[in-house]
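Number of protein chains: 4
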Amino acid sequence: MSEKNLEDILKRVNQLKITSETSIVSLINSLKNAGFNAKRLAMACEIYDEMINDEECIKFFGLAGALVPAGMQRVVYDFIKEGFIDILVTTGANITHDLAEALGYHHLQGGNMNKDDFDDSQLHKAEINRIYDVYMPNKVYKGIEDFVSKLEISDSQMSVSSFLNFLGKQLPKDSQSILKICEQKKIPIYCPAFTDSGLALQLGFHNQNINLNHFKDMLEMVNLAWDAKKAGVCIVGGGVPKNFIMQSLQFCPNSATYAIQITMDRPEQGGLSGATLEEAISWGKVNEKAKYSTIISDATIALPLILWFLKESQKKKKN
Amino acid sequence: MSEKNLEDILKRVNQLKITSETSIVSLINSLKNAGFNAKRLAMACEIYDEMINDEECIKFFGLAGALVPAGMQRVVYDFIKEGFIDILVTTGANITHDLAEALGYHHLQGGNMNKDDFDDSQLHKAEINRIYDVYMPNKVYKGIEDFVSKLEISDSQMSVSSFLNFLGKQLPKDSQSILKICEQKKIPIYCPAFTDSGLALQLGFHNQNINLNHFKDMLEMVNLAWDAKKAGVCIVGGGVPKNFIMQSLQFCPNSATYAIQITMDRPEQGGLSGATLEEAISWGKVNEKAKYSTIISDATIALPLILWFLKESQKKKKN
Amino acid sequence: MSEKNLEDILKRVNQLKITSETSIVSLINSLKNAGFNAKRLAMACEIYDEMINDEECIKFFGLAGALVPAGMQRVVYDFIKEGFIDILVTTGANITHDLAEALGYHHLQGGNMNKDDFDDSQLHKAEINRIYDVYMPNKVYKGIEDFVSKLEISDSQMSVSSFLNFLGKQLPKDSQSILKICEQKKIPIYCPAFTDSGLALQLGFHNQNINLNHFKDMLEMVNLAWDAKKAGVCIVGGGVPKNFIMQSLQFCPNSATYAIQITMDRPEQGGLSGATLEEAISWGKVNEKAKYSTIISDATIALPLILWFLKESQKKKKN
Amino acid sequence: MSEKNLEDILKRVNQLKITSETSIVSLINSLKNAGFNAKRLAMACEIYDEMINDEECIKFFGLAGALVPAGMQRVVYDFIKEGFIDILVTTGANITHDLAEALGYHHLQGGNMNKDDFDDSQLHKAEINRIYDVYMPNKVYKGIEDFVSKLEISDSQMSVSSFLNFLGKQLPKDSQSILKICEQKKIPIYCPAFTDSGLALQLGFHNQNINLNHFKDMLEMVNLAWDAKKAGVCIVGGGVPKNFIMQSLQFCPNSATYAIQITMDRPEQGGLSGATLEEAISWGKVNEKAKYSTIISDATIALPLILWFLKESQKKKKN
């Protein structure tokens with residue numbers, strides 16, 4: 000790239016101004032002209048918006064982390080309800096916490112108290128489990144056990160995603176859980192590390208012969224990627240959901256055309272959660288011409304902002 | 000803390016809902032009932048708001064990082080203009096970049112290009128300096144040199160803050176620079192590592208006998224802290240500005256009553272930038288009863304959101 | 000804790016001295032008297048040593064990340080060979096890379112070149128996959144496919160750990176792979192997210208009816224924890240292996256008595272990989288009286304140092 | 000770069016083996032053939048060794064962070080004593096802590112206790128200041144005050160580096176402090192943010208007219224860089240020391256030929272501490288043909304290993 004080219008390509012950073020007219024859409028549009036993670040957040044919003052508008056695009060969404068305990072269940076629910084997710088891949092933990100809320104239990108926090116105001120030994124004695132600054136009473140597991148013990152599982156060798164769809168059906172119609180809305184909108188949920196969860200433990204304790212077919216899920220995912228004319232991917236937090244989507248996208252004829260990830264992990268130690276989207280290009284998981292953006296941010300900050308932007312932006316288009 | 004007490008203290012995590020009615024104020028209020036950095040961001044907003052409403056409180060603001068190049072000059076400008084900052088401590092770099100914009104130069108970014116699309120050797124040949132994904136042409140320094148060479152400095156031994164006030168006076172009335180608004184609003188700017196900047200280099204080259212009095216600034220800061228009935232502090236990015244404020248607050252009769260920090264650094268390696276606000280309690284820099292919140296976030300995301308919240312929240316109070 | 004108590008508890012930081020007599024054992028012993036991650040590394044070495052010397056202790060080892068590609072296959076192999084691991088939990092990726100090396104393939108690196116000297120689009124064209132600064136030619140997968148296509152799997156519903164034991168048996172006696180040494184030393188390998196791997200993909204493509212029983216592994220792990228008089232745990236990199244060990248340890252009568260983790264993730268965003276070991280106390284996964292240490296470090300630096308220390312330290316005891 | 004070229008460039012990752020013959024030199028040499036931060040650490044060792052062997056090279060060393068409290072005073076001392084540093088740039092904090100140890104005070108740590116076993120409010124009451132998991136009693140400051148109050152400063156406008164040299168002269172001959180060894184070996188210490196320190200506060204309180212000339216230091220540094228045929232740089236922890244060295248190297252005819260940095264900060268938020276060495280190439284601070292390596296590690300782990308390697312490696316050359 001010559002000096003001449005650089006002058007053509009580079010453009011002014013605009014100094015962002017917050018006014019009484021500022022809206023989430025105008026804010027994000029302004030941040031597009033800024034730098035660092037502000038720009039990356041704005042690019043992610045723009046790319047996701049384009050992904051939604053592109054009717055050929057199958058939208059894969061990878062959800063790791065403990066987002067339901069942190070108050071993000073309804074945010075994920077809305078991503079699904081609004082049609083912003085076509086295929087969900089998540090962890091057993093997220094499903095366990097989603098189910099807990101669906102069964103009427105709640106996660107807790109310390110109000111104006113800080114995390115360090117609580118002692119883990121005392122929490123243990125009080126049978127309260129800590130997830131950073133969020134707390135879950137142990138009794139939640141008893142509720143899940145109760146629920147699980149009554150399930151009538153028709154086929155002990157169904158795929159995990161079929162089982163999760165079946166679970167969704169057991170929940171009341173108006174449940175605002177991820178399991179329910181996925182079942183209602185026919186969005187498949189994949190959970191490759193399902194046995195790594197409190198829900199699976201209860202299931203295994205009560206159904207010693209259960210052998211949900213994880214390979215069936217794996218092959219289904221490959222087929223979904225294979226059939227996708229265009230693929231878009233949004234990765235929240237990395238982990239197994241990221242890799243499971245990415246390994247499938249290797250079989251997508253054009254790899255991912257759009258890619259977003261939100262993570263706090265870093266790339267230098269070589270773990271997949273922190274790996275850049277550029278790295279995914281070398282594997283043929285993301286197309287070299289893809290539009291992509293990685294936001295280094297806690298998802299509890301970035302995800303509500305992206306949802307807010309998308310809802311407002313899509314509303315405008317409908318009007 | 001007994002189990003009984005825990006039940007009294009802990010409260011429900013509310014599952015956040017984005018609606019067509021969502022505003023920045025309602026969003027932040029909802030995040031107060033969430034977890035992780037979302038809650039911390041909400042707490043920081045609430046604490047800053049309270050700090051503004053508390054007429055006895057002197058508001059110290061530490062600004063490290065390269066926020067002007069990333070498009071945040073006007074955000075900082077507005078914090079000052081709105082009266083949200085009483086004393087600013089910053090780096091020579093921030094002042095240099097602020098001056099560059101004030102003199103009509105601009106920072107650049109790559110539009111839809113990603114950082115990795117640019118090669119640093121080629122940027123060097125093109126005389127373009129990179130700050131992550133923001134770019135500054137070398138010619139900016141020539142402009143600064145020009146400006147500096149014409150300065151008529153009345154006292155080569157004035158304090159750094161007096162010099163920065165003098166600099167502000169040289170800028171046009173309508174300049175939307177940090178230097179100008181601080182001069183207009185009589186907000187002192189301290190810059191303990193001033194000679195660690197491009198501006199100071201030019202100043203030294205053109206004024207071989209200059210010896211701005213850094214000790215005078217240091218003692219002034221101690222006096223400001225000493226005289227503060229109440230102190231509030233907002234630290235952006237850590238570094239020397241954080242330590243300079245914190246070392247002064249040790250002399251504040253009540254230490255800081257309110258404390259906020261926004262950082263991406265972590266505490267375990269013992270550097271001050273990543274140190275927790277709890278640690279500052281042991282030093283008597285932050286009061287043990289202080290309200291405080293650390294947000295682990297890129298400031299380019301958190302700072303505009305806090306400003307937006309504060310402007311809306313303060314507007315409501317005025318009405 | 001009163002001031003008096005503090006004086007009794009706190010002890011001098013010794014200023015570390017490197018001499019011509021320095022050995023790995025003396026270095027680690029000195030670092031015990033230092034601060035930050037140096038002290039944490041030293042504590043981890045000491046705790047692991049004690050874990051080995053404690054004959055009642057069952058040693059669980061969780062291995063995430065891409066350690067085999069980064070040259071750490073033989074380090075993990077030696078942990079197993081020396082008897083430092085009783086139960087291994089790992090990712091499908093680690094097994095795939097281990098198998099690749101066992102089949103005679105190699106991971107590559109750039110010598111004196113830096114990561115940024117390689118372009119991901121060109122790597123993709125050259126069919127070379129990047130893992131940060133390590134590279135794996137695509138042809139490795141063809142070798143794995145070849146190997147997998149010839150496997151004669153006796154029971155398509157065996158557990159994943161039985162399958163991995165079977166795999167180990169297919170490898171030559173002198174193979175220095177993790178799969179082989181585990182089979183030879185009868186160390187079970189659990190891999191809860193097995194279908195999230197290149198190996199499982201090949202296995203699924205060639206055995207459409209395979210349904211390895213993940214639930215059997217899960218229940219076995221719970222039983223192993225249940226039967227452990229004492230449990231010790233070393234977590235490398237977090238991920239599913241960490242959670243799978245930790246969820247099982249909830250059923251261990253005394254929770255973990257010793258706990259070590261090596262991670263670069265941070266706790267504030269609430270993900271399990273970065274969660275502190277204190278948090279695990281609230282869940283009853285780690286005993287409140289446990290000896291524990293978290294090292295914030297790339298495992299490729301910390302793990303060889305720990306192995307070196309343990310080998311020297313154990314050798315001394317034998318003599 | 001064509002596929003053919005890639006095959007020529009890429010080389011095998013060697014699986015590291017720890018044996019009874021392993022020495023620090025053989026370990027580092029093996030890690031050179033590994034990946035991730037292990038390789039980066041090995042490259043840093045190799046580059047530093049070459050820097051020492053290159054007689055034309057002026058070795059700049061930037062030291063931020065709280066390394067003396069963490070037990071690294073003697074490590075830095077030895078870097079200077081062995082001739083591995085020609086110019087030291089550091090923070091006021093490091094000098095304050097170095098002086099404290101030189102005056103016979105000590106930093107403290109909690110032995111087998113963990114950081115979280117101490118409460119910051121109680122530490123405050125006990126007049127003990129916390130630096131992550133290291134503790135410094137407040138009385139240290141009284142000792143420093145005592146020392147400072149007796150200083151007879153000949154020239155209140157000398158440069159900061161002259162003052163630090165003068166300080167070193169006040170310390171006993173056998174003091175193993177950084178200040179002393181720098182004075183003895185005539186290694187200049189620059190400290191651009193000197194007034195941001197406990198030592199400077201005491202100095203200012205007792206010498207109201209002091210005005211150490213920071214600009215003189217700044218111009219001296221530029222001259223040192225200007226005169227360097229070759230420059231090598233080792234940055235520990237970033238901060239002002241990093242920028243002060245880097246801004247000077249812009250005036251070095253060939254920029255830095257060798258560059259090493261050890262940091263836990265990350266680049267994406269645009270702060271200088273986490274900025275890559277590639278970025279420094281765009282500024283002309285590091286030569287595009289330089290040998291360079293960034294280690295993402297706590298310096299308390301990496302620095303002793305590098306010193307150990309260098310001492311052994313240099314000893315071999317002498318024999």
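Protein chains in written order, with numbering that gives the first Met the number 0: chain A, 0 to 318; chain B, 0 to 318; chain C, 0 to 318; chain D, 0 to 318.
Cβ coordinates follow ideal geometry from the N, Cα and C atoms, glycine included.
| Item | Value |
| --- | --- |
| Kindly list the residues whose CB is nearer than 8 Å to the CB of N128 (chain A), restricted to its own chain and excluding five residues on each side of it in sequence; keep chain order. | L122, Y134, M135, P136, N137 |
| Cβ of P191 (chain A) less than 9 Å from any chain C Cβ? | yes |
| Output the distance between the C-alpha atoms of I94 (chain A) and S161 (chain B), rounded to the nearest integer angstrom. | 59 Å |
| In angstroms, rounded to a whole number, what distance separates the CA positions of T90 (chain A) and F243 (chain C)? | 12 Å |
| Closest by CA to Y104 (chain A), which one among A:I84, A:F146, A:D77? | A:F146 |
| May I ask you to list, following chain order, the residues of the stretch 291 to 305 of chain B that have a beta carbon less than 7 Å from some beta carbon of chain A? | I295, S296, D297, T299, I300, P303 |
| Run through chain B and tell me which residues come within less than 9 Å of Y47 (chain A), C-beta to C-beta. | What Y47 (chain A) touches in chain B: nothing, since even the nearest Cβ is about 14 Å away. |
| Please say whether C181 (chain B) and L198 (chain B) have beta carbons closer to each other than 9 Å? | no |
| Quick check: is the beta carbon of E267 (chain B) nearer than 9 Å to any beta carbon in chain D? | yes |
| How about R73 (chain C) and Q175 (chain C): do their beta carbons lie closer than 9 Å? | yes |
| Compare the beta carbon distance of H96 (chain D) and G34 (chain C) with 9 Å and say whether it is the shorter of the two. | no |
| If you run the structure through DSSP and keep just helix, strand and coil, what is C44 (chain A)? | helix |
| When you compare the CB of Y134 (chain B) with every CB in chain A, is at least one pair closer than 9 Å? | yes |
| Between which two residues does the alpha helix (DSSP H) harbouring Q183 (chain C) extend? | 177 to 184 |
| Where does K149 (chain B) land, buried or exposed, given buried means 16+ other C-beta within 10 angstroms? | exposed |
| Within its chain, find whatever has a CB closer than 6 Å to the CB of N212 (chain A); leave out the 5 residues flanking it on each side and keep chain order. | Q156, S158 |
| Does the Cβ of E54 (chain A) have 16 or more other Cβ atoms within 10 Å, making it buried, or fewer, making it exposed? | exposed |
| Should E20 (chain C) be labelled buried (16 or more other beta-carbon atoms within 10 Å of its own) or exposed? | exposed |
| Kindly provide the ranges of any alpha helix (DSSP H) runs that are 4 or more residues long and lie completely inside the stretch 49 to 80 of chain D, ordered along the chain. | 72 to 80 |
| Just reading off the beta strand (DSSP E) that M245 (chain C) is part of, what are its end residues? | Element bounds for M245 (chain C): not the beta strand (DSSP E) but the alpha helix (DSSP H), 238 to 248. |
| Straight-line CA distance for K185 (chain A) to I152 (chain A)? | 20 Å |
| Under 9 Å between C-beta atoms, does T194 (chain D) make it to chain B? | yes |
| Please list, in chain order, the chain D residues whose beta carbon lies closer than 7 Å to that of D77 (chain C). | I17 |
| Is it right to say T18 (chain D) is buried, meaning 16 or more other beta carbons lie within 10 angstroms of its own, or is it exposed? | exposed |
| Which same chain residues end up closer than 6 Å to I295 (chain D) when comparing Cβ atoms and leaving out the 5 residues on each side of it in sequence? | N36 |
| What does E100 (chain B) reach in chain A if we use C-beta pairs closer than 8 Å? | Q14 |
| Can you look up Y327 (chain C) in the DSSP assignment and give me helix, strand or coil? | The first residue shown for chain C is 0 and the last is 318, placing residue 327 (chain C) beyond what the model contains. |
| Output, in sequence order along the chain, the residues in the stretch 27 to 40 of chain A whose CB is closer than 7 Å to any CB in chain B. | N32, A33, G34, F35, N36, A37, K38, L40 |
| Which residues bound the beta strand (DSSP E) around A335 (chain D)? | Chain D is shown only over 0 to 318; residue 335 (chain D) falls outside these bounds and no answer can be derived. |
| Does N16 (chain C) come out as helix, strand or coil in the three-state DSSP assignment? | Per the sequence presented here, residue 16 (chain C) reads as Lys, with Asn not at that position. Three-state DSSP puts K16 (chain C) in coil, outside helix and strand. |
| Given a limit of 9 Å on CB to CB distance, which residues of the stretch 80 to 105 of chain D reach chain B? | T90, G91, A92 |
| Is the Cβ of K141 (chain D) closer than 9 Å to any Cβ of chain B? | no |
| Can you name the residues of chain C whose CB is closer than 7 Å to the CB of N128 (chain A)? | S281, W282 |
| When DSSP labels each residue in this structure, what does I188 (chain D) get in the three-state scheme? | strand |
| If you pair each beta-carbon of the stretch 258 to 269 of chain B with each one of the stretch 284 to 302 of chain B, do three or more pairs fall below 8 Å? | yes |
| Report the residues of the stretch 208 to 232 of chain C with a CB closer than 8 Å to any CB of chain A, ordered along the chain. | I209, N210, L211, N212, H213, F214, K215, D216, M217, L218, V221 |
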